[in-house]
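Residue numbers (full-length UniProt numbering): 1 to 284.
Here you go:
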């Protein structure tokens, strides 16, 4: 084993950095879309970077994947058809398929190399890829949503990277309009919405763009995420028709599968925003 060294992601918008102690680089590939690197760390398992940005670690990915999926699926009255846009590491797809009522879950990521790297270095995240209810596609998620039949989906989860490069088009009105059209009347859109501490203005922008697309109810849920800038992250849910975000608390409490972070209590607690976040989003 080589001597440990430190791997950092410098995040200019917040003037801060995230770092992990690593022992060696395990792999690297330049796909047609982005550079993907895998490192072995001393304390966080394997670490995936995309274009120099921390994406996934073995140790903390459950926080993100569980919060991107279970709050929405327990808020929807009966989710059967789910689409994950992005999500190439397959962890969100795995969490979606823990719900026995889900009949079909499509994952559409533009970059096949992300999934191939995940299969090799994060196999636990890919354990549901061969579930008969799963369909793993490598295609343009923007085009996929634009071509979805109107009113055909219950939940759309946008598990995208930061709004740069291939993911830029997943954060604007045109894309959200495609999601709005594809969702049923009681459907839910979920978007990863960055850090409420250092990127609160981006959350405001996301909610504004969702509103322009026709959604009229929004809920931002914060959660810890050590490998992302500031260590604090969020997802934002959107609905149409004035529907709120009461969730099936009894079902969440009695869920028939194990989770490491999500629970009915965590879901309930995440709905209470710190005053500075609540005030900022009330103005948006």
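Cβ atoms here follow ideal geometry from the backbone N, Cα and C, with glycine treated the same way.
Does residue i come out as helix, strand or coil in the three-state DSSP assignment?
i	result
residue 26	strand
residue 127	coil
residue 114	helix
residue 180	helix
residue 253	helix
residue 205	helix
residue 173	helix
residue 8	strand
residue 200	helix
Could you give the distance in angstroms between the alpha-carbon of residue i and the alpha-carbon of residue j?
i	j	result
residue 181	residue 142	13 Å
residue 50	residue 91	16 Å
residue 281	residue 187	22 Å
residue 71	residue 213	22 Å
residue 159	residue 279	26 Å
residue 249	residue 66	16 Å
residue 216	residue 28	43 Å
residue 270	residue 48	27 Å
residue 285	residue 198	The requested residue 285 is not part of the displayed model; the chain covers only 1 to 284.
residue 6	residue 131	38 Å
residue 210	residue 221	16 Å
residue 97	residue 128	7 Å
residue 172	residue 206	7 Å
Identify the continuous beta strand (DSSP E) that holds residue i and give its terminal residues.
i	result
residue 81	81 to 86
residue 187	183 to 192
residue 134	134 to 138
residue 105	104 to 109
residue 159	153 to 159
residue 223	217 to 224
residue 53	53 to 57
So the alpha helix (DSSP H) residue i belongs to, where does it begin and stop?
i	result
residue 14	Note, residue 14: premise wrong, no alpha helix (DSSP H); not H, not E.
residue 96	91 to 96
residue 275	275 to 283
residue 239	Here residue 239 belongs to no alpha helix (DSSP H); instead the beta strand (DSSP E) covers 232 to 239.
residue 268	264 to 270
residue 35	First-last for residue 35: 35 to 41, but that is the beta strand (DSSP E), not the alpha helix (DSSP H).
residue 69	61 to 75
residue 146	141 to 146
Since residue i and residue j should fall inside the 8 Å C-beta cutoff, what is the C-beta to C-beta distance between them, to a whole number of angstroms?
i	j	result
residue 139	residue 108	6 Å
residue 260	residue 122	At roughly 15 Å, the Cβ-Cβ gap does not stay under 8 Å, so residue 260 and residue 122 are not in contact.
residue 255	residue 154	With 8 Å as the limit, residue 255 and residue 154 do not qualify as a contact, their Cβ atoms being about 18 Å apart.
query = Is it a yes or a no for the segment 227 to 237 touching the segment 177 to 197, going by three-plus beta-carbon pairs under 8 Å?
reply = yes
request  = Decide yes or no for the touch test of the segment 111 to 121 against the segment 21 to 37: beta carbon pairs closer than 8 Å, at least 3 of them.
outcome  = yes
inquiry  = Check whether the segment 19 to 26 and the segment 101 to 109 are in contact - that is, three or more C-beta pairs closer than 8 Å.
reply    = no
request  = Report yes or no: do the segment 2 to 19 and the segment 226 to 233 share at least 3 C-beta pairs separated by less than 8 Å?
outcome  = yes
ask   = Would the segment 239 to 248 and the segment 81 to 90 be scored as touching if the rule is three or more Cβ pairs under 8 Å?
value = no
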